[in-house]
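Participant: Numbering (the numbering used here), first residue to last: 41 to 276.
Below you will find the structure I want to go over with you.
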Amino acid sequence: MADNTELDRNKTINEGLANVIEVERTNSQGILYRFSKRLFDILISGIMLVILIPVFIVFSVIYLIGENRGPLFYRQVRVGRNGELFKMYKFRSMVVNADKKLLANKELYAKYVANSYKLPDGEDPRVTKFGRFIRRTSLDELPQFINVFIGNMSIIGPRPIVEKELTEYGTKERIDKLLSVTPGAMGYWQASGRSNIEYPERCEVELFYVDHASLGFDIKIMFKNIISIFKHDGAF
Numbered sequence: 041m042a043d044n045t046e047l048d049r050n051k052t053i054n055e056g057l058a059n060v061i062e063v064e065r066t067n068s069q070g071i072l073y074r075f076s077k078r079l080f081d082i083l084i085s086g087i088m089l090v091i092l093i094p095v096f097i098v099f100s101v102i103y104l105i106g107e108n109r110g111p112l113f114y115r116q117v118r119v120g121r122n123g124e125l126f127k128m129y130k131f132r133s134m135v136v137n138a139d140k141k142l143l144a145n146k147e148l149y150a151k152y153v154a155n156s157y158k159l160p161d162g163e164d165p166r167v168t169k170f171g172r173f174i175r176r177t178s179l180d181e182l183p184q185f186i187n188v189f190i191g192n193m194s195i196i197g198p199r200p201i202v203e204k205e206l207t208e209y210g211t212k213e214r215i216d217k218l219l220s221v222t223p224g225a226m227g228y229w230q231a232s233g234r235s236n237i238e239y240p241e242r243c244e245v246e247l248f249y250v251d252h253a254s255l256g257f258d259i260k261i262m263f264k265n266i267i268s269i270f271k272h273d274g275a276f
């Protein structure tokens with residue numbers, strides 16, 4: 041009887057040590073992954089911002105004339121890691137005060153919400169002709185390298201959303217899972233079809249990434265995104 045008790049105690053201790061070792065191994069992998077990813081983000085975004093200086097200059101001139109006249113950037117408040125709010129940068133593709141015009145038009149806003157927080161292609165009166173071009177080509181997304189360099193976004197991660205969209209994820213557990221990682225300029229949702237995939241399917245795609253995030257998966261997503269950009273998949 042005493043021998044069995046001793047064996048059970050030793051088994052429990054060994055299982056406990058194995059669990060501790062597994063947790064430490066997982067944590068060390070997580071730290072290494074996050075460090076490598078952040079280093080990659082800083083290097084790529086820094087290089088891209090230098091390369092894109094001529095683009096910023098040309099666009100600055102374009103935004104001085106016609107219906108495009110106004111600020112170069114559109115800054116929208118999005119939800120980041122751990123629920124921290126930040127302003128995401130994009131080249132402005134709409135007329136000035138587009139958000140106010142959307143909220144003022146109840147019918148248009150209702151359609152916007154019903155269509156997964158976007159308006160169908162060609163049905164948004166706020167988008168300028170130049171804006172449609174940079175959306176189709178994804179050029180409007182380029183200023184997000186600023187967010188990546190700062191650190192409130194990553195090259196790869198779930199697409200940052202506005203606060204109202206959090207309700208689409210349902211439970212607090214699912215929301216917390218989404219917000220446990222840094223949002224990205226490119227993500228599995230975009231690689232899978234972008235605007236062609238609407239809620240609630242989009243939630244499952246984004247949460248799948250959180251559960252399977254790794255350097256290998258990130259590289260795969262990055263290349264799939266690049267292909268989608270050239271094919272204009274779901275971009276409008």
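All residues carry an ideal CB built from backbone N, CA and C; glycine is no exception.
Does the beta-carbon of GLY227 have 16 or more other beta-carbons within 10 angstroms, so that it is buried, or is it exposed?
Facilitator: By 1-based counting over the sequence shown, the position of residue 227 is 187. With 16 or more Cβ atoms within 10 Å of its Cβ, GLY227 is classed as buried.
Participant: By the DSSP assignment, the beta strand (DSSP E) with VAL117 in it spans what residues?
Facilitator: Translated into positions along the sequence shown, residue 117 becomes position 77. Segment 113-119, the beta strand (DSSP E) holding VAL117.
Participant: Please report the distance separating the alpha-carbon of ARG166 from that of HIS252.
Facilitator: As a working note, residue 166 is residue 126 in the sequence shown. As a working note, residue 252 is residue 212 in the sequence shown. Answer to the nearest angstrom: the Cα atoms are 38 Å apart.
Participant: By alpha-carbon positions, which one of ILE237, VAL221, ALA231 ends up nearest to PHE263?
Facilitator: Here residue 263 corresponds to residue number 223 of the sequence shown, with the count starting at 1. Selected option, being the one with the closest Cα: ALA231.
Participant: If you reduce the DSSP assignment to three classes, tell me which class LEU219 lands in.
Facilitator: Stepping through the sequence shown from its first residue, residue 219 is reached at position 179. Here LEU219 sits in coil by DSSP.
Participant: Do LYS130 and VAL117 count as a contact pair if the criterion is CB distance below 8 Å?
Facilitator: By 1-based counting over the sequence shown, the position of residue 117 is 77. By 1-based counting over the sequence shown, the position of residue 130 is 90. With respect to the 8 Å criterion, VAL117 and LYS130 are not classified as neighbours on the basis of their beta carbons.
Participant: Would you report the Cα separation of LYS151 and LYS217, rounded to the nearest angstrom?
Facilitator: Counting from 1 along the sequence shown, the entry for residue 151 is found at position 111. Counting from 1 along the sequence shown, the entry for residue 217 is found at position 177. About 29 Å.
Participant: With a threshold of 16 other CB atoms inside 10 Å of the CB of SER85, please say whether the residue is buried or exposed.
Facilitator: As a position in the sequence shown, residue 85 is number 45, starting the count at 1. SER85 should be labelled buried.
Participant: Just verifying my parser: in three-state terms, what is the DSSP assignment at LEU125?
Facilitator: In the sequence shown, the residue the question calls residue 125 occupies position 85. Of the three classes helix, strand and coil, the one that applies to LEU125 here is strand, per DSSP.
Participant: Identify every residue that forms a DSSP beta bridge with PHE99.
Facilitator: Mapped onto the sequence shown, residue 99 falls at position 59. Bridge partners of PHE99: none, in fact.
Participant: Just to check my reading of the structure: VAL202 and TYR157 have Cβ atoms closer than 8 Å, yes? What is that Cβ distance to the nearest angstrom?
Facilitator: As a first step, residue 202 must be located in the sequence shown, where it is residue number 162. As a first step, residue 157 must be located in the sequence shown, where it is residue number 117. Yes, they are in contact, since the Cβ atoms of VAL202 and TYR157 sit about 7 Å apart, within 8 Å.
Participant: Count the other CB atoms within 10 Å of the CB of PHE99; is the residue buried (16 or more) or exposed (fewer)?
Facilitator: On the sequence shown, position 59 is the one that residue 99 refers to. Counting Cβ neighbours within 10 Å, PHE99 comes out buried, since at least 16 surround it.
Participant: From what residue to what residue does the beta strand (DSSP E) around GLY224 run?
Facilitator: For this step, residue 224 is matched to residue 184 along the sequence shown. Looking at the DSSP string, the run of the beta strand (DSSP E) that includes GLY224 is 224-226.
Participant: Tell me the DSSP secondary structure of ILE196 in three-state form.
Facilitator: Counted from its first residue, the sequence shown places residue 196 at position 156. Strand at ILE196.
Participant: Look up ILE201 in the DSSP assignment and say whether it is helix, strand or coil.
Facilitator: Position 161 of the sequence shown holds residue 201. Looking at ILE201 - three-state DSSP - the assignment turns out to be strand.
Participant: Using a threshold of 8 Å, state whether the C-beta atoms of VAL153 and GLU107 are closer than that.
Facilitator: Within the sequence shown, the letter at position 113 stands for residue 153. Within the sequence shown, the letter at position 67 stands for residue 107. The answer is no: Cβ separation not under 8 Å.
Participant: Can you give me the Cβ contacts of LEU206 inside the same chain, cut-off strictly under 6 Å, excluding the 5 residues immediately before and after it?
Facilitator: Reading the sequence shown from its first residue, position 166 is the one you call residue 206. Within the same chain, LEU206 has close Cβ partners ILE215.
Participant: I'd like to confirm the pairing. Which residues does DSSP put opposite MET134 in its beta bridges?
Facilitator: Start at 1 with the first residue of the sequence shown, and residue 134 comes out as number 94. Paired residues: VAL167.
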